[in-house]
Amino acid sequence: MVERASRWLSNLGAHATLEEDTFVPGSWVLSLGGAEQSHVNVARPGDIFYEYLRRLANHVDEHGQPGEPLRVLHLGAGALTLARYIETKRPGSVQVAVDLERELLDFVLDALPMGERGNLTTIIGDARHVLTEELANEEFDIIVLDIFSGSGAPAHLTVPDFYSEMNARLRPGGVVLVNVGDDPPLAFADTQIQAMSEIFATIIASAPTEIFTRKYPGNMILAGTQSRIDLAMVDRLRAAGPHPGMVLVGSDLDGFGKP
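Read left to right, the sequence shown gives residues 1101 to 1359 (the numbering used here).
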């Protein structure tokens, strides 16, 4: 019998459900309002099933030295898949997870607790308010923004000023990672590439190859940093997959960011 848990989210006005993945032992699927939102393997947190999360994890792997603890801010928590990955791959990391849905974090952590080694602080609130008020004196190696889903994204989280505020919370060499879900012709992704380009010296975009044709819906990962382009790192990101996929940087992005 498949195990299942559910909780009402008052802000969203829908149920969150966690259902056991019968195809991947030890894994669970988080759905919000009936739509799959995240997948987490609690038995093997280092294994990531969803492609967009794997691409985010590839960027994490490239930051600093292998195994080195990181300070990571997650704006949008989901099932905490990436936080669990970092806990496993980077022991000693300090992480903060922010989500607007009060019941969601409690629901996920009650059903699927983090490991005993984890150092995770959870904060309920608007991502931008928490960043600029409660975390105004904090700095992070990585900030992950995983809230967007096309043009319905909160407007105050899509503007250059917000990217500037995230940039101000980065340690030297830090990176902002953004998961952008979009539909053809990727008009929303264009606006985010443009907004990030106003703030960061380097933008890297990675996605399944078909996404860059602008003919298919899906998720694009955008990375923004003040560091110069590291072509060797870009090559490693390309090799890491998932495949088929593309990693664009520099002049490769000339056709994007022009909404």
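Just so you know, even glycine gets a beta-carbon here, dropped at the ideal spot from N, CA and C.
Close beta carbons around R1184, own chain, < 6 Å, minus the five adjacent residues each side: Taking the first residue of the sequence shown as 1, we reach residue 1184 at position 84. Cβ neighbours of R1184 beyond the five flanking positions: P1145.
Residues near D1147 by beta carbon distance below 6 Å, same chain, minus five either side: Here residue 1147 refers to the residue found at position 47 when the sequence shown is read from its first residue. Once the five neighbours on either side are set aside, the close Cβ partners of D1147 are N1141.
Own chain, CB closer than 8 Å to V1334, minus 5 neighbours either side, in chain order: For this step, residue 1334 is matched to residue 234 along the sequence shown. I1304, V1347 and V1349.
CA-to-CA distance, R1155 to M1101, given in whole angstroms: Here the question's residue 1101 lines up with position 1 in the sequence shown. Here the question's residue 1155 lines up with position 55 in the sequence shown. At M1101 the pLDDT is 39, less than 50, meaning the model places this residue with poor confidence; the figure from the coordinates comes in the next sentence. Those two C-alpha atoms are separated by around 32 Å.
Among L1205, F1149 and G1164, nearest to G1176 - alpha-carbon criterion: What you label residue 1176 is simply residue 76 of the sequence shown in a count that begins at 1. Per the Cα distances, L1205.
Limits of the beta strand (DSSP E) - the one that E1136 falls within: Here residue 1136 corresponds to residue number 36 of the sequence shown, with the count starting at 1. Run containing E1136: A1135 to N1141, per the beta strand (DSSP E) assignment.
Proximity of I1243 and M1214 at Cβ, strictly below 8 Å: Here residue 1243 refers to the residue found at position 143 of the sequence shown. Here residue 1214 refers to the residue found at position 114 of the sequence shown. The answer is no: Cβ separation not under 8 Å.
Whole-angstrom C-beta distance between E1203 and W1128, which should lie under 8 Å: For this step, residue 1128 is matched to residue 28 along the sequence shown. For this step, residue 1203 is matched to residue 103 along the sequence shown. 17 Å between Cβ atoms; not a contact.
At least three beta-carbon pairs within less than 8 Å, the segment 1321-1341 to the segment 1263-1277: yes
CA nearest to the CA of A1157, picked from A1340, V1194, V1124 and R1269: Counting from 1 along the sequence shown, the entry for residue 1157 is found at position 57. It is A1340.
Residue from R1228, D1226 and S1351 with nearest C-alpha to A1301: On the sequence shown, residue 1301 is found 201 positions in, with the first residue counted as 1. Residue S1351 is the option with its Cα nearest to A1301.
Assigned exposure category for L1180 - 16 Cβ within 10 Å defines buried: On the sequence shown, residue 1180 is found 80 positions in, with the first residue counted as 1. Buried: at least 16 other Cβ atoms inside 10 Å.
Any beta strand (DSSP E) of 3 or more consecutive residues that is wholly inside the segment 1153-1189: 1171-1175
DSSP three-state assignment for S1297, whether helix, strand or coil: The residue labelled residue 1297 in the question sits at position 197 within the sequence shown. The answer is helix: DSSP assigns S1297 an H, G or I state.
Cα-Cα separation between E1310 and G1345, rounded to whole angstroms: Looking up residue 1310 in the sequence shown gives position 210. Looking up residue 1345 in the sequence shown gives position 245. Going by the C-alpha atoms only, they are around 8 Å apart.
V1194 - partner residues in DSSP beta bridges: Residue mapping note: residue 1194 aligns to position 94 of the sequence shown, counting from 1. Answer is R1171 and N1219, bridged to V1194.
DSSP bridge partner residues for L1277 (one or two, in chain order): To locate residue 1277, count along the sequence shown from 1; it is residue 177. BP columns for L1277 point to V1244 and A1323.
Residue burial classification, Q1195 (beta-carbon count within 10 angstroms, cutoff 16): Counting from one through the sequence shown, the residue named residue 1195 turns up at place 95. Classification for Q1195: buried.
Through-space distance from M1296 to P1260, alpha-carbon basis: Numbered from its first residue, the sequence shown carries residue 1260 at position 160. Numbered from its first residue, the sequence shown carries residue 1296 at position 196. Spanning the two alpha carbons is a distance of roughly 6 Å.
Distance, R1190 Cα to P1166 Cα: Residue numbering aside, residue 1166 sits at position 66 when the sequence shown is read from its first letter. Residue numbering aside, residue 1190 sits at position 90 when the sequence shown is read from its first letter. For P1166 and R1190, the distance between alpha carbons rounds to 8 Å.
Short Cβ contact (8 Å threshold) for L1132 with A1143: In the sequence shown, residue 1132 corresponds to position 32, counting from 1. In the sequence shown, residue 1143 corresponds to position 43, counting from 1. Cβ distance not < 8 Å, so L1132 and A1143 don't count as in contact.
Outcome for F1356 when other beta-carbon atoms lying within 10 angstroms are tallied against a minimum of 16: As a working note, residue 1356 is residue 256 in the sequence shown. F1356 is buried by the Cβ-count criterion.
Option nearest F1288 by Cα separation, candidates G1252, R1104, T1222 and I1329: Stepping through the sequence shown from its first residue, residue 1288 is reached at position 188. With distances taken between Cα atoms, F1288 lies closest to G1252.
Endpoints, the beta strand (DSSP E) within which E1234 is located: The sequence position of residue 1234 within the sequence shown is 134, counting from 1. Neither: E1234 is in no beta strand (DSSP E) and is coded neither H nor E.
As assigned by DSSP and simplified to three states, the class of D1335: As a position in the sequence shown, residue 1335 is number 235, starting the count at 1. The answer is helix: DSSP assigns D1335 an H, G or I state.
Residues near I1224 in its chain [Cβ-Cβ closer than 6 Å; skip 5 each side]: Within the sequence shown, the letter at position 124 stands for residue 1224. For I1224, where only same-chain residues beyond five positions count, the Cβ hits under 6 Å are R1202.
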